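Peer 1: Before we start, here is the structure in question, set down as structure tokens.
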Amino acid sequence: MEWAGTDRPIPKNPSTTPRTGAWRSRSIRPNASSPHPMTQPGAEQSPAEKAVPPAVRRFRPLRADIPLWEAVALGAACLLGVGLVWWWATAGEVPELRWLSPVVLPSPAETFRDFRDLWFEAALVRNTFRTLRRVVLGFGLAALVGVPLGVLAGCFPRVNALLTPLTIWGRNAPIAAVIPLTFALFGYGEFQKAMFIFIACVAFVIVDTANAIADVSDRYIDTAYTLGASRRQIILKVLVPLAMPRIFNSLRLLFGLAFGYIMLAEVVQTDNAYGLGGIINMAQGRGGHRTYILLILMIIPLVALGIDRLLYAIQRDLFPYQYGGAGHLHRLLKALLCLWDDAKTGLVQLVRGGRRP
Numbered sequence: 013m014e015w016a017g018t019d020r021p022i023p024k025n026p027s028t029t030p031r032t033g034a035w036r037s038r039s040i041r042p043n044a045s046s047p048h049p050m051t052q053p054g055a056e057q058s059p060a061e062k063a064v065p066p067a068v069r070r071f072r073p074l075r076a077d078i079p080l081w082e083a084v085a086l087g088a089a090c091l092l093g094v095g096l097v098w099w100w101a102t103a104g105e106v107p108e109l110r111w112l113s114p115v116v117l118p119s120p121a122e123t124f125r126d127f128r129d130l131w132f133e134a135a136l137v138r139n140t141f142r143t144l145r146r147v148v149l150g151f152g153l154a155a156l157v158g159v160p161l162g163v164l165a166g167c168f169p170r171v172n173a174l175l176t177p178l179t180i181w182g183r184n185a186p187i188a189a190v191i192p193l194t195f196a197l198f199g200y201g202e203f204q205k206a207m208f209i210f211i212a213c214v215a216f217v218i219v220d221t222a223n224a225i226a227d228v229s230d231r232y233i234d235t236a237y238t239l240g241a242s243r244r245q246i247i248l249k250v251l252v253p254l255a256m257p258r259i260f261n262s263l264r265l266l267f268g269l270a271f272g273y274i275m276l277a278e279v280v281q282t283d284n285a286y287g288l289g290g291i292i293n294m295a296q297g298r299g300g301h302r303t304y305i306l307l308i309l310m311i312i313p314l315v316a317l318g319i320d321r322l323l324y325a326i327q328r329d330l331f332p333y334q335y336g337g338a339g340h341l342h343r344l345l346k347a348l349l350c351l352w353d354d355a356k357t358g359l360v361q362l363v364r365g366g367r368r369p
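And the structure:
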């Protein structure tokens, strides 16, 4: 490029244009032991790495996975920090000299000392199974009703429009206000608690299932139509199998929500069917046994975590193509479905053969 009206070219900036022998200088020669090998000439870089400035690459990329030991160590550090704060706030033999009174928050030693009484006197195992039974009954009913309705809502916009007012109410209504309504409709027994969990969870199941069905790509539907499939076959053979991993994952997460809701139903109960929430109610009624309440608040997350890990193991085995499991349950379920299809086909042929003259 030349200046306008002159024949002399624009001089180049020597600071930005290296000389011919510049790369032979030791000061700018790339080092093989450099901590940033991606900046060397000839190194392969992904498009994402090319877009990141070299000054930022020394940090871990955003959302990058961390090793399992590091995740466990960070979680243990968090628990240790909470325990140290708890110990510091309740340290001291004399209650008057503590930062927090034992009536408000007992010390860790006082709390774990009462675990034996909680185990035997409050029948911890039996009440834990009572709570689990109520959650399984209520959430199982919500899944049996919500998943088919969600499939229909995801496939047919008219059904979705019909159910939208109910799902909006179910997802936004204050759940504590539903408890008196369930008392009036279903009494004070086990059926009331199961129906409370059903009402609290069914709207979430419907919406999550409908979203999973709606997110299936249209190319699968177009391909099925091209092959001559009917709408019923597309729903049962294409949409539901493709959306099932996400539906199961949503149910697994919602089960933890149901486990939290049952605590609310059991704390305000008026009958003698305790459960874990009933133990909290009993401890509060006996003058505020804070140790029982703290122990229950520790046990509930452990039980919920164990159930979640069990469901996640089942999820991985049912959908190995999505989550990388062994696939034993997947193969078993596939074999059972094949046997069911063969039996149904044989029964149809037998019925049609019996009608022939």
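Position 70 of the sequence shown, counting from 1, maps to 82 under the working numbering, and the rest follow consecutively. All C-beta atoms in this analysis are idealised placements derived from N, C-alpha and C, irrespective of residue type, glycine included. Source: prediction; values computed, not measured.
Where does the unbroken alpha helix (DSSP H) through Thr123 begin, and where does it stop?
Peer 2: Thr123 -> alpha helix (DSSP H) spans 120-125.
Peer 1: Return helix, strand or coil for Glu202, following the three-state DSSP convention.
Peer 2: helix
Peer 1: Answer yes if the segment 207-214 comes into contact with the segment 261-280, meaning at least three C-beta pairs across the two stretches below 8 Å, and no otherwise.
Peer 2: yes
Peer 1: Tell whether a beta-carbon distance below 7 Å holds between Thr194 and Leu288.
Peer 2: no
Peer 1: How far does the alpha helix (DSSP H) with Val159 in it extend, from its first residue to its last?
Peer 2: 136-167
Peer 1: Does at least one heavy atom of the ligand FMN sit under 6 Å from the Cβ of Phe208?
Peer 2: This structure lacks the ligand FMN, and indeed carries no ligand of any kind.
Peer 1: Work out the CA separation of Thr102 and Ala155 for me, nearest whole Å.
Peer 2: So the alpha carbons of these two residues sit roughly 44 Å apart.
Peer 1: Confirm, please, whether the CB-CB distance from Ala255 to Ala206 is below 7 Å.
Peer 2: no
Peer 1: Could you tell me the alpha carbon to alpha carbon distance between Ile311 and Gly318, rounded to whole angstroms?
Peer 2: If you draw a straight line from the Cα of Ile311 to the Cα of Gly318, it is about 11 Å long.
Peer 1: With distances taken from CA atoms, which of Gly87, Gly240, Arg231, Thr303 is nearest Leu117?
Peer 2: Thr303
Peer 1: Between the alpha carbons of Gly54 and Trp81, how many angstroms are there, rounded?
Peer 2: Low confidence applies here, because Gly54 scores a pLDDT of 46, under 50, leaving its location unreliable; read the following figure in that light. Rounded to whole angstroms, Gly54 to Trp81 spans 34 Å at the Cα level.
Peer 1: Ignore the nearest five residues each way along the sequence and tell me which others in Ile40's own chain have a CB closer than 6 Å to its CB.
Peer 2: Only weak support exists for where Ile40 lies, its pLDDT of 40 falling under 50; the value from the coordinates is given anyway. So the list is empty, once near-sequence residues are dropped.
Peer 1: Extract the residue ranges of the alpha helix (DSSP H) inside the segment 74-128, only unbroken runs of 4 or more that lie entirely within it.
Peer 2: 80-101, 120-125
Peer 1: Is Pro186 helix, strand or coil when you go by DSSP?
Peer 2: coil
Peer 1: Going along the chain, which residues of its own chain have a beta-carbon closer than 6 Å to the beta-carbon of Ile187, five neighbours each way excluded?
Peer 2: Ala212
Peer 1: Apply the 10 Å Cβ neighbour rule to Phe151 and answer buried if 16 or more other Cβ atoms are within range, or exposed otherwise.
Peer 2: It is buried - the Cβ of Phe151 has at least 16 other Cβ atoms within 10 Å.
Peer 1: What residues in its chain sit with their C-beta under 7 Å from that of Gly339, if we drop five residues either side in the sequence?
Peer 2: Cβ within range, chain order: Asp329, Pro332.
Peer 1: Measure from the alpha carbon of Asp320 to the alpha carbon of each residue in Leu348, Ile305, Phe271, Leu351, then state which is nearest.
Peer 2: Comparing Cα positions, the closest option is Phe271.
Peer 1: Would DSSP call Ala241 helix, strand or coil?
Peer 2: coil
Peer 1: If the criterion is Cβ atoms closer than 7 Å, does the pair Ile233 and Ile247 meet it?
Peer 2: no
Peer 1: Is DSSP giving Pro49 helix, strand or coil here?
Peer 2: Residue confidence is low: Pro49 scores 45 on pLDDT, short of 50, so the model does not pin down where it sits. Its coordinate-derived value is still stated next. Here Pro49 sits in helix by DSSP.
Peer 1: Assign Cys350 to one of two classes, buried (16 or more other C-beta atoms within 10 Å of its C-beta) or exposed (fewer than that).
Peer 2: exposed
Peer 1: With DSSP run on the structure shown, which of helix, strand or coil describes Asp227?
Peer 2: coil
Peer 1: Just confirm the distance between the C-beta atoms of Val163 and Thr235, as a whole number of angstroms; I'd bet it's less than 8 Å.
Peer 2: Their Cβ separation, rounded to whole angstroms, is 20 Å, which puts Val163 and Thr235 out of contact at 8 Å.
Peer 1: Use the C-beta contact count for Gln204: other C-beta atoms within 10 angstroms, 16 or more gives buried, fewer gives exposed.
Peer 2: buried
Peer 1: So Val217 packs on Gly166, CB below 8 Å; how close in whole Å?
Peer 2: In fact, because the Cβ distance is near 12 Å, the residues do not count as touching under 8 Å.
Peer 1: Give the range of the alpha helix (DSSP H) segment to which Val315 is assigned.
Peer 2: 302-330
Peer 1: Could you tell me if Tyr237 is buried or exposed, where buried requires 16 or more neighbouring beta carbons within 10 angstroms of its beta carbon?
Peer 2: exposed
Peer 1: Output the distance between the C-alpha atoms of Ile292 and Gln334, rounded to the nearest integer angstrom.
Peer 2: 40 Å
Peer 1: Measuring alpha carbon to alpha carbon, tell me which residue in Arg170, Phe127, Cys90, Leu96 is nearest Leu306.
Peer 2: Phe127
Peer 1: Pop quiz: Arg183 and Val148 are said to be a contact at Cβ under 8 Å. What is the actual Cβ separation, rounded to whole angstroms?
Peer 2: With a Cβ gap of about 22 Å, Arg183 and Val148 do not count as contacting.
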